[in-house]
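Engineer:
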Amino acid sequence: MENQMLMFLAMCSAIGPKELIELCGPVHPSHWRYALVKYGGGIIQMSGSIAGNTHARNRYGNYVRARTKPVNPNSARQIKIRAVIAELTERWLNTLTDNQRTAWATYAAAIAMKNKLGETIHLSGFNHYIRSNAGYLDAVAQYFDDGPEELTLPDQTPLLKSQLTQIH
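Using my numbering, you'd call the opening residue of the sequence shown number 9 and step up by one each time.
Written as structure tokens, this is what we have:
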């Protein structure tokens, strides 16, 4: 199994996606799996799923485990949040003006986030619109369609800080 994984990784690094599709045939998007990989003298860190294996890291270091099918509880809360995200997506596409979307894109370009590997990334304006509005729409049924004028992340409110402390 280890030799197969090494061969797969070597093959992926040696050829591009077009050649890989020609070699393996097209893969339905429902079977796509992604992994974030950090290269150095070999693979330094890898996070995500490839070929039935999930690569992750915890406080003891990197590890690989068999990929399991995630459970979909379809709880009332989960269904509500999915509806909120669908509503915000529809609003982004059909209600926001070009100027409003541009303001969110400007905000997104100014805000650096960290991915699972600790690398700096920039989300899209759409991603920030959804993450900024989902909680507010769920809590107070209010939209914030205009992009933020202050190009920084907001400070943590005392209420949120106390709620997070209670969770941990």
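All C-beta atoms in this analysis are idealised placements derived from N, C-alpha and C, irrespective of residue type, glycine included.
Taking buried to mean at least 16 other C-beta atoms within 10 Å of its own C-beta, is A116 buried or exposed?
Structural biologist: By one-based count along the sequence shown, residue 116 stands at place 108. A116 is buried by the Cβ-count criterion.
Engineer: Determine the extent of the alpha helix (DSSP H) in which T103 is found, giving its start and end residues.
Structural biologist: Counting from one through the sequence shown, the residue named residue 103 turns up at place 95. Where T103 is concerned, there is no enclosing alpha helix (DSSP H), given that its DSSP letter is neither H nor E.
Engineer: According to DSSP, simplified to helix, strand and coil, what is L131?
Structural biologist: For the purposes of this step, residue 131 is identified with residue 123 of the sequence shown, where counting begins at 1. Coil at L131, not helix or strand.
Engineer: Is it the case that the CB of N61 approaches a heavy atom of the ligand SAH more closely than 7 Å?
Structural biologist: Although the ligand SAH was asked about, the structure shown includes no ligands whatsoever.
Engineer: Any idea which residues DSSP pairs I58 with across the strands?
Structural biologist: Residue numbering aside, residue 58 sits at position 50 when the sequence shown is read from its first letter. Beta-bridge pairing links I58 to N61.
Engineer: For R99 versus Y151, is the C-beta spacing smaller than 8 Å?
Structural biologist: Translated into the one-based positions of the sequence shown, residue 99 becomes position 91. Translated into the one-based positions of the sequence shown, residue 151 becomes position 143. In contact: R99 and Y151 (Cβ atoms closer than 8 Å).
Engineer: Can you tell me the Cα-Cα spacing of K122 and T128, whole angstroms?
Structural biologist: Stepping through the sequence shown from its first residue, residue 122 is reached at position 114. Stepping through the sequence shown from its first residue, residue 128 is reached at position 120. For K122 and T128, the distance between alpha carbons rounds to 5 Å.
Engineer: G155 and Q108 - do their beta-carbons sit closer together than 8 Å?
Structural biologist: Indexing the sequence shown from 1 puts residue 108 at position 100. Indexing the sequence shown from 1 puts residue 155 at position 147. Cβ atoms of Q108 and G155: closer than 8 Å.
Engineer: What's the gap between the Cα of V148 and the Cα of L159?
Structural biologist: Translated into positions along the sequence shown, residue 148 becomes position 140. Translated into positions along the sequence shown, residue 159 becomes position 151. In a straight line, the C-alpha of V148 is about 24 Å away from that of L159.
Engineer: Would DSSP call L44 helix, strand or coil?
Structural biologist: The sequence position of residue 44 within the sequence shown is 36, counting from 1. Correct three-state label for L44: strand.
Engineer: Excluding five sequence neighbours on each side, which residues of the same chain lie with their C-beta closer than 6 Å to the C-beta of M54?
Structural biologist: As a working note, residue 54 is residue 46 in the sequence shown. Only A43, V45 and H63 meet the Cβ criterion.
Engineer: With DSSP as the reference, label I52 as helix, strand or coil.
Structural biologist: Counting from one through the sequence shown, the residue named residue 52 turns up at place 44. Three-state result, I52: strand.
Engineer: For N61, tell me which candidate among R67, I52 and Y71 has the shortest Cα-Cα distance.
Structural biologist: Along the sequence shown, one-based indexing puts residue 61 at 53. Measuring from the Cα of N61, the nearest candidate turns out to be Y71.
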